[in-house]
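*Asks:* Each number in my numbering comes from the position in the sequence shown (counting from 1) with 1 added on.
Got a structure for you, questions after.
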Amino acid sequence: QGVPEHTDLAAARASPGGEKDKAVAHLGSMVAMAFNCSTSPVVPLKVMGVTLLEQIVKLYASTLDPDFEDATLLTQSQAQIMSVLRSALPSDASPIVTVGACNICWELLSSKAPVEGDVIARVV
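Right, here's the structure in full:
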């Protein structure tokens, strides 16, 4: 499930050189990039954004935030993730984008990440 120093904030902080050169330190930027692509009107960009977000959720959804009890690293990105899911679920969305959104929902449901039940219920 990835190199611990790149997927776990506590491990990144404890590693030589600290967290600054680890992927987990750039999680907010990665989510923002995936969000921007996913909400683009250009379908290939939208597909790439949803695919990137799926990988981000797969790697980080279950990772606890060492700074906040009972919170995952993706808690602060919940609004962006849910916005991507809402934009990928309408009936006029590209089928490949909707499949990606379903995969994101699956990753969220099978992890410790906080989710909005009404958005997930539309997929399930």
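Glycine included, every Cβ here is placed at the ideal spot set by N, Cα and C.
Which term fits K47, buried or exposed, when burial requires 16 or more other beta carbons within 10 angstroms of its beta carbon?
*Replies:* With 16 or more other Cβ atoms within 10 Å, it is buried.
*Asks:* Helix or strand or just coil, what does DSSP make of L110?
*Replies:* Helix, per DSSP.
*Asks:* Would you give the residue range spanned by the alpha helix (DSSP H) that A72 belongs to?
*Replies:* Element bounds for A72: n/a, residue is neither H nor E.
*Asks:* Using a Cβ distance threshold of 8 Å, determine whether the region 77-93 contacts the region 21-39, with at least three qualifying pairs required.
*Replies:* Cβ pair count under 8 Å is three or more, so yes.
*Asks:* Sort E55, L54, Q56, L75 by Cα distance to T64 and report the nearest one.
*Replies:* It is L75.
*Asks:* In chain order, what residues of the same chain have a beta carbon less than 7 Å from the beta carbon of I57, not counting five sequence neighbours either side?
*Replies:* Cβ within range, chain order: M31, V32, A35.
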